[in-house]
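*Asks:* Have a look at the structure that comes next, please.
2 protein chains.
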Amino acid sequence: MTLSEAVEKLNELEKASYALNHAQSILYVDGDTVAPKNSWKGRGKALAYLGELTYKQLVNPETGEVLETILQHRGEVDEVTFRRAEVMKESYDDLHVLPMEEYVAWQELTNEASNVWHDAKPKSDWNLFAPYLEKMIAGRRRYASLKNPDKPAYDVLLDEYEKGASMEALDPFFLTLRSELSPLIREVAVREKPVPAFMKGPWPVDRQRIFSEKIMALEGIDPMNCTLGETEHPFTDGNNKWDVRITTHYYEEDPFFSMYSVIHEGGHALYELDVRDDLQFTCLSGGVTMGVHESQSRFYENLIGRSRAFCTPLLKIMKEVFPDRMEGVTEDDLYSAVNLSKPSLIRTEADELTYSLHVMIRYELEKAMISGDLKVTDIPGEWNRLYKEVLGVDVPDDRRGCLQDSHWSFGGMGYFPSYALGSAYGVQMLRRMEKETDVWGAVEKGDLSPVTAWLTENVHQYGSLKKPHDLLSAAMGGPLDAAVYTDYLKNKFSSLYGL
Amino acid sequence: MTLSEAVEKLNELEKASYALNHAQSILYVDGDTVAPKNSWKGRGKALAYLGELTYKQLVNPETGEVLETILQHRGEVDEVTFRRAEVMKESYDDLHVLPMEEYVAWQELTNEASNVWHDAKPKSDWNLFAPYLEKMIAGRRRYASLKNPDKPAYDVLLDEYEKGASMEALDPFFLTLRSELSPLIREVAVREKPVPAFMKGPWPVDRQRIFSEKIMALEGIDPMNCTLGETEHPFTDGNNKWDVRITTHYYEEDPFFSMYSVIHEGGHALYELDVRDDLQFTCLSGGVTMGVHESQSRFYENLIGRSRAFCTPLLKIMKEVFPDRMEGVTEDDLYSAVNLSKPSLIRTEADELTYSLHVMIRYELEKAMISGDLKVTDIPGEWNRLYKEVLGVDVPDDRRGCLQDSHWSFGGMGYFPSYALGSAYGVQMLRRMEKETDVWGAVEKGDLSPVTAWLTENVHQYGSLKKPHDLLSAAMGGPLDAAVYTDYLKNKFSSLYGL
């Protein structure tokens with residue numbers, strides 16, 4: 362196969378791959394947002410067939426040859442084409458590990474497990490979900506051993522979500538978070554502030570919908586390219602820079618759950634919306650790792666969205682949308698209200714200070730369950746023990762304990778650390794950004810464009826073009842340093858709680 | 362190829378075909394409802410690829426052999442399998458007409474034309490849309506000549522939507538409608554009734570959304586299997602009996618546009634929702650022709666929804682949802698209000714009496730544009746001339762004239778007559794239904810289940826299992842008779858207008 366034949370084939374492959382991914386992604390989004398409940402039957406049939414096609418397209422000797430041919434001619438193809446082959450080779454290697462029957466069986470297992478989890482969670486019924494988790498752990502261990510028998514299984518899985526991540530690097534990272542943040546969390550807990558009166562509901566959902574629109578506009582999201590849906594669990598789905606979907610969930614008693622969901626998912630969205638045009642419709646058009654993706658979503662959610670400066674435009678909007686509720690509330694009141702910190706049960710509702718320790722608990726549990734040290738039946742007990750030990754809270758049931766997150770239900774072991782890594786990456790980016798632009802002056806004026814411009818320049822535009830390590834080193838101005846993150850949290854919360 | 366091999370292959374083919382159709386249908390629905398406006402680029406790429414796959418799957422020598430093998434063994438396979446092969450053969454023959462590149466180019470053209478039409482309509486800019494329509498007319502003429510060079514092109518196109526339809530049968534059909542209805546329309550116009558005061562807006566959209574839910578419940582539509590979306594132009598899309606989507610459009614100044622859209626699309630939906638289980642996920646699971654489909658939607662919309670009996674439950678619901686607006690309004694007031702007749706500009710807003718003449722005008726224009734007698738640049742003038750001549754109204758601009766309907770924007774020339782045929786089929790079915798069941802007693806009680814049971818028994822359950830002609834003859838108790846339809850309209854509107 363000549364190089365130009367290979368490039369031609371790569372283009373065809375990407376065309377097919379784009380189309381199949383686009384279709385599958387819209388089926389999922391539709392299924393989660395507006396589809397009738399019973400539509401799962403037909404959707405399952407369609408997705409199974411499209412999944413089979415995806416596998417067949419990628420895993421065959423010709424594709425292997427195409428990718429090898431390009432990868433052997435580094436100097437002779439442009440940077441984008443070379444990197445496309447490189448990234449596709451990663452997917453090829455990932456898929457190639459399992460024979461098609463096992464791949465399809467894995468899809469079916471996670472599909473079923475996900476349905477069972479949706480049943481088990483409201484019932485707090487770990488025993489219902491446990492047999493599926495057991496099979497998925499076995500499946501992930503087998504996958505890891507096939508992919509790289511020389512590495513610990515959990516390292517193989519971590520690498521799926523965060524290229525290069527390993528327990529060797531994450532153990533000290535989480536240790537620093539725990540040792541630096543635990544004393545502060547204890548001190549803050551002692552000085553617990555009451556929930557201010559203005560935050561009590563109800564906050565009518567139709568007003569919250571208008572609030573969402575204004576928040577998206579403030580964040581600089583163009584509704585021509587990105588729309589908002591409603592789901593139980595908020596998510597982002599990006600097809601290309603002209604087609605991104607985010608979702609939120611409204612609670613009548615709390616406008617901030619939805620608002621911070623919108624800002625968070627909006628951060629994911631902006632990453633996808635700002636990728637260079639020439640990377641669109643290729644495998645480089647999306648974010649490069651889950652950690653980098655989370656660095657962007659959590660940047661907007663916390664570093665910007667929970668900053669003092671942001672409370673100026675936020676209060677203005679809230680006074681427009683909820684005039685009767687916000688009478689007499691000051692920017693400082695709001696800043697304090699959106700930064701109440703208290704050890705709690707639910708990760709997605711946790712404040713910025715305690716959040717990473719929720720993640721750390723999951724990391725410890727996953728290490729043990731994948732190594733085989735922790736049996737599935739022992740997870741609830743171990744979960745509850747860690748919540749007590751690390752956060753000092755008693756877990757009343759598995760619904761609010763080890764059944765709360767969806768990740769294990771789709772076999773996503775290894776995903777969680779991305780949230781903590783992303784938070785830490787973000788702070789290091791912020792420190793560089795602050796040197797180069799007047800972040801807070803702009804944010805206070807309700808102008809997030811300098812923030813997004815900096816992130817676009819340093820992160821978004823590249824999609825998956827740069828390797829994660831190169832992208833992050835440049836954007837953060839150096840290697841990961843957990844202390845920058847913990848210093849940020851210590852300063853912010855010491856000041857908020859007068860410590 | 363043995364018969365059992367052929368049946369096995371047919372099953373595989375249907376599996377692929379179901380999945381590809383399902384994906385394409387959801388992409389269209391999503392695109393029209395909640396997708397960001399700019400998402401058309403990526404959707405176009407995905408649809409083009411899926412279209413190509415559909416084509417390749419169906420148009421190849423093996424598929425031809427599979428279908429021929431089954432069709433040559435009529436007595437040896439069950440009725441459903443035989444009919445599946447027969448219906449798939451029709452699609453095979455339809456697709457086979459064009460080489461793949463032409464087929465794909467056609468898909469791209471209609472995709473683009475549809476976008477342009479969406480732009481051109483609000484601007485009333487015929488010149489923007491005209492070049493696309495010109496290409497589509499050429500495309501349809503070429504298609505017709507390849508498919509059957511011995512028939513007039515427009516007959517070939519009519520047959521696509523209504524099996525067996527031809528100008529020879531439709532010319533006298535429309536002539537009867539025109540000659541029988543025109544005098545009545547003129548008499549009614551002289552006795553024009555004012556719009557009653559209670560109908561004046563605003564009718565808040567959030568209340569109208571609740572109204573829609575109640576109307577769907579009254580019609581007997583299970584929201585577990587069918588959801589309602591919002592689009593500029595209402596439509597129905599069915600994947601299987603557990604996944605149907607209908608849409609509506611809300612106008613603040615008029616609750617009846619949306620309400621009758623919901624009932625109309627709900628009629629389409631019920632057809633798809635009531636098809637037999639054993640036909641699901643096969644090519645027989647949908648309605649058999651557009652005319653039969655329209656007979657169902659217009660049955661619920663007009664024959665039921667605009668009947669005197671229906672005004673009893675309707676008024677009850679409206680008093681619940683719009684208590685302040687409906688004070689003092691009687692069932693007779695409502696019956697008169699939802700049956701105001703007046704020659705008007707917009708087909709989808711036309712009353713039951715004048716509706717078919719809107720269709721007739723399009724039929725005449727399509728005949729002329731497909732035969733080559735009418736140039737695209739002359740369509741606006743000819744449109745306006747016919748509206749004046751047939752309905753006596755002056756068309757102020759193309760937005761409310763020849764740009765109003767979406768059909769030409771997707772190349773759907775030949776589709777319109779189905780609306781008038783469906784209306785006529787429906788009345789003939791109603792006459793039989795009235796003999797077998799107490800239609801009006803049940804409707805007055807707000808119970809539409811006997812209506813739906815009769816239609817399910819005689820029409821819905823079969824999907825595309827019966828041939829259209831057989832299905833219709835049985836359901837109508839004889840051949841199409843335009844006079845039954847015009848008699849119905851003459852009786853109803855003479856009585857409403859005291860003639």
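Sequences listed follow chains A and B, in order.
When you line the first sequence up against this note's numbering, it's residues 362 to 860, in that order.
When you line the second sequence up against this note's numbering, it's residues 362 to 860, in that order.
C-beta: ideal position from N, C-alpha, C; glycine also.
1. Just checking my contact of B:ALA384 with A:ALA384 at CB under 8 Å: how many whole Å lie between their CB atoms?
2. If we define contact as Cβ-Cβ less than 8 Å, is A:HIS821 a contact residue for chain B?
3. Does B:PHE642 have its Cβ less than 8 Å from a Cβ in chain A?
4. What residue does the alpha helix (DSSP H) around B:LEU542 start on, and which one ends it?
5. Apart from the five residues on each side of it in sequence, which residues of its chain come closer than 7 Å, Cβ to Cβ, to A:TYR464?
6. Given that a residue counts as buried once 16 or more other Cβ atoms are within 10 Å of its Cβ, and exposed if not, what is A:GLY742?
7. List the endpoints of the continuous alpha helix (DSSP H) containing A:VAL352.
8. Check for me: the beta strand (DSSP E) holding B:ASP638 runs from which residue to which?
9. Mind listing the chain A neighbours of B:LEU411? Cutoff is C-beta to C-beta under 8 Å, in chain order.
10. To which residues does DSSP link B:TYR612 through a beta bridge?
11. By Cβ distance below 6 Å, which residues in the same chain neighbour A:TRP801 in space, the five residues on each side in sequence not counted?
12. Using a Cβ cut-off of 9 Å, pull out every chain A residue sitting near B:ASP567, in sequence order please.
13. Is A:GLY859 helix, strand or coil by DSSP?
14. B:GLU918 lies in the beta strand (DSSP E); which residues open and close that run?
15. Looking at chain A, is there any beta carbon in it that lies within less than 8 Å of the beta carbon of B:LYS370?
16. Can you pull the chain A neighbours of B:ALA377, defined as C-beta to C-beta under 8 Å?
17. Taking DSSP's pairing of strands, which residues face A:THR597 in a bridge?
18. What in chain B is Cβ-close to A:SER717, meaning under 9 Å?
19. So which residues of chain B does A:TRP864 contact, with C-beta pairs closer than 8 Å?
20. Quick one: Cα of A:MET790 to Cα of B:CYS587, how far?
21. Please classify A:SER784 as buried or exposed, where buried requires at least 16 other C-beta atoms within 10 Å of its C-beta.
22. List the residues of chain A that B:ILE387 touches, going by C-beta distances under 7 Å, in chain order.
23. What in chain A is Cβ-close to B:LYS406, meaning under 8 Å?
24. When you compare the CB of B:GLY689 with every CB in chain A, is at least one pair closer than 8 Å?
25. What number of angstroms, rounded off, separates the C-alpha of B:GLY859 from the C-alpha of B:GLY652?
26. I'd like to know whether the C-beta of B:MET461 is nearer than 8 Å to at least one C-beta of chain A.
27. Can you say whether A:LYS561 is buried or exposed, counting buried as having 16 or more other CB atoms within 10 angstroms of its CB?
28. Can you tell me whether B:ALA396 is helix, strand or coil according to DSSP?
29. Counting C-beta neighbours from all protein chains within 10 Å, is the total for A:PRO510 16 or more, i.e. buried, or is it exposed?
30. Check distances from the C-beta atoms of the region 665–691 of chain A to those of chain B and list, in chain order, the residues that come in under 9 Å.
31. Under 8 Å, do B:TYR453 and B:VAL420 count as touching if we go by C-beta distance?
32. How is the alpha helix (DSSP H) around B:ARG746 delimited, first residue to last?
33. Could you compute how far the alpha carbon of A:GLU713 sits from the alpha carbon of A:ILE665?
34. Figure out for me which residue from B:ARG659, B:VAL690, B:MET687, B:ASP766 has the closest Cα to the Cα of B:GLU626.
35. Is any beta-carbon of chain B found at less than 8 Å from that of A:ALA396?
*Replies:* A quick look at the data gives this:
1. 4 Å
2. Proximity of A:HIS821 to chain B, defined by a Cβ-Cβ separation below 8 Å, is not satisfied.
3. yes
4. 528–551
5. TYR416, LEU456
6. exposed
7. Residue 352 of chain A lies beyond the stretch modelled for chain A, which goes from 362 to 860, so this question has no answer here.
8. According to the DSSP assignment, B:ASP638 belongs to no beta strand (DSSP E), since it is labelled neither H nor E.
9. ALA380, ALA384
10. B:ASP615
11. Within the same chain, and ignoring the five residues on either side of A:TRP801 in sequence, the residues whose Cβ sits closer than 6 Å to its Cβ are ALA670.
12. ASP567
13. Note: A:GLY859 maps to coil in three-state DSSP.
14. In this structure chain B extends from 362 to 860, so residue 918 of chain B is not present and cannot be described.
15. no
16. TYR410
17. A:ILE607
18. Within 9 Å Cβ-Cβ: nothing; A:SER717 doesn't reach chain B, min ~33 Å.
19. Nothing about residue 864 of chain A can be read from this structure; chain A reaches only from 362 to 860.
20. 47 Å
21. buried
22. ILE387, LEU388, ASP391
23. The contacting residues are LYS376, TYR379, ALA380, HIS383, PHE642.
24. no
25. 32 Å
26. With 8 Å as the cut-off, B:MET461 does not count as an interface residue toward chain A.
27. exposed
28. coil
29. exposed
30. none
31. yes
32. From DSSP, the alpha helix (DSSP H) with B:ARG746 extends over 740–747.
33. For A:GLU713 and A:ILE665, the distance between alpha carbons rounds to 12 Å.
34. B:ARG659
35. yes
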